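Residue numbers (our numbering): 30 to 457.
One structure below.
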């Protein structure tokens, strides 16, 4: 492996979630020498869906079938929302390039250009999203037509109940019925981990066993839905073969973490990045960032102590919020730990949360983050870019409640594209 401390990179990306990975792809495709660092654990929580914009305003819970009209409304109504810094043609170009990467990497996605699509989740809810893994697309078609459908779970697999899902959707989709499949491992196994199960279903004997357990229950249905555990490396093959064995189209339903679709996305990135000369320092964190007199930035990296230093012409910060470590908080203040950047936040701690846990409008703390200029450079205390060569992307950005607005992955991909494009325009 090349010693990154002996190299000077065009772009250093801090954070290996959706925004960081997408930025690394965009940078590599533009010929920028790139290093990315950060934890890969976030992929376990990424559900695999590409939410572009689904809900606005959050207090009314209005769902939009046209994501572009929704984005226009958000930009008009919410000052400083990250989408306001990115022209719609750039958002579309970002998605097109991102979906092409996944398709080329054997992880095909389906979507309607000008419309969101609806699918069911493990919670028995109907979710509005934009990009959907091919493994889940028959479920979109089944829901649209309200076709008779069998929803099956695995006994011993926690976090997914076919009975609960069918019960919650019985009014919206009366043609559903539930089945709890006995363990494909036999009666001696009482608890199933989704990751080994996903791997085992890539073995023919386990697929055959699963089909045998379901076959007698599919005579009066048109589709079969299963939790999203149908393979890690070859999910399309697993689903196609199950469909042939059952004589019905099979689809996956997004389930609880650990996310198998998230692991598939991670695998696609990990194949692309090293093959395209992106230097990967996963599980390393940035301990200190120092601007140099030459206008570059030096990053001291390591697991817990300083191991080496990396120089880059520019840095892209995509560290997320609190879960990803991009923002820290104490009893009074939210801070950004690497560059000590100003963080947009409520004036005092008492305003962070509403009195009700499930407040329809959300909590003010969920809008905290970094404010940027139109080039996605974080602002300093004077309202100007803190550094000319520092950019930010993803959910660390302020003025967006991505969980309630259903825009997390789309916003991450679009702002990653915008930040890389901005840096490319400045790079001599």
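Beta carbons are placed, not taken as given, at the ideal position from N, Cα and C, and that holds for glycine.
Computed from a predicted model, the values in this text were never measured in an experiment.
Secondary structure of residue i, DSSP reduced to three states
i	result
residue 446	helix
residue 413	coil
residue 452	helix
residue 234	helix
residue 30	Confidence at residue 30 is low in this model, with a pLDDT of 44, below 50, so its placement is unreliable and no value can be given for it.
residue 145	coil
residue 387	coil
residue 424	coil
residue 405	coil
residue 374	coil
residue 125	helix
residue 367	coil
residue 138	strand
residue 321	coil
residue 432	helix
residue 340	strand
residue 240	helix
Whole-number beta carbon distance between residue j and residue i, since they are thought to touch under 8 Å
i	j	result
residue 108	residue 308	38 Å between Cβ atoms; not a contact.
residue 96	residue 145	5 Å
residue 463	residue 210	Residue 463 lies beyond the stretch modelled for the chain, which goes from 30 to 457, so this question has no answer here.
residue 425	residue 399	6 Å
residue 415	residue 52	With a Cβ gap of about 19 Å, residue 415 and residue 52 do not count as contacting.
residue 67	residue 45	4 Å
residue 78	residue 168	Their Cβ separation, rounded to whole angstroms, is 12 Å, which puts residue 78 and residue 168 out of contact at 8 Å.
residue 441	residue 423	4 Å
residue 40	residue 61	5 Å
residue 100	residue 89	Actually they are not in contact, since the Cβ atoms of residue 100 and residue 89 sit about 17 Å apart, beyond 8 Å.
residue 318	residue 367	5 Å
residue 115	residue 444	7 Å
residue 302	residue 57	7 Å
residue 335	residue 310	13 Å between Cβ atoms; not a contact.
residue 256	residue 182	6 Å
Beta carbon of residue i nearer than 8 Å to that of residue j
i	j	result
residue 436	residue 81	yes
residue 344	residue 419	yes
residue 18	residue 232	There is no way to answer for residue 18, as the model of the chain reaches only from 30 to 457.
residue 339	residue 38	yes
residue 163	residue 138	yes
residue 271	residue 221	no
residue 297	residue 131	yes
residue 213	residue 258	no
residue 348	residue 357	no
residue 293	residue 313	no
residue 446	residue 140	no
residue 282	residue 155	no
residue 385	residue 84	no
residue 268	residue 228	no
Proximal residues to residue i (C-beta, below 7 Å), its chain only, five neighbours per side dropped
i	result
residue 430	87, 391, 395, 396
residue 30	Residue placement at residue 30 is poorly supported in this model, since its pLDDT is 44, which falls under 50; the coordinates are not used for a value here.
residue 370	399, 407, 415
residue 265	163, 164
Same chain only: Cβ atoms within 6 Å of residue i, ignoring 5 sequence neighbours per side
i	result
residue 194	153, 180
residue 197	153
residue 278	167, 252, 272
Other residues of its chain near residue i: CB distance less than 8 Å, five sequence neighbours each side excluded
i	result
residue 59	449, 453
residue 178	171, 202, 204, 205, 206, 250, 251, 252, 253, 254
residue 94	144, 145, 157
residue 321	327, 340
residue 166	139, 280
beta-carbon residue i near the ligand HEM non-hydrogen atom, thresh 7 Å
i	result
residue 211	The ligand HEM is not among the ligands present in this structure, which contains no ligands whatsoever.
Any beta strand (DSSP E) of 3 or more consecutive residues that is wholly inside the region 154-188
If we require 3 residues or more, the beta strand (DSSP E) runs fully inside the region 154-188 come out as 155-158, 178-183.
At 3 residues or longer, and completely inside the region 34-110: list those beta strand (DSSP E) runs for me, N to C.
Counting whole runs of 3 or more residues, the region 34-110 contains the beta strand (DSSP E) stretches 37-43, 63-67.
Jot down the residue ranges of each uninterrupted alpha helix (DSSP H) in the region 253-307, minimum 4 residues, whole runs only, in chain order.
Complete alpha helix (DSSP H) runs here, min 4: 264-275, 289-304.
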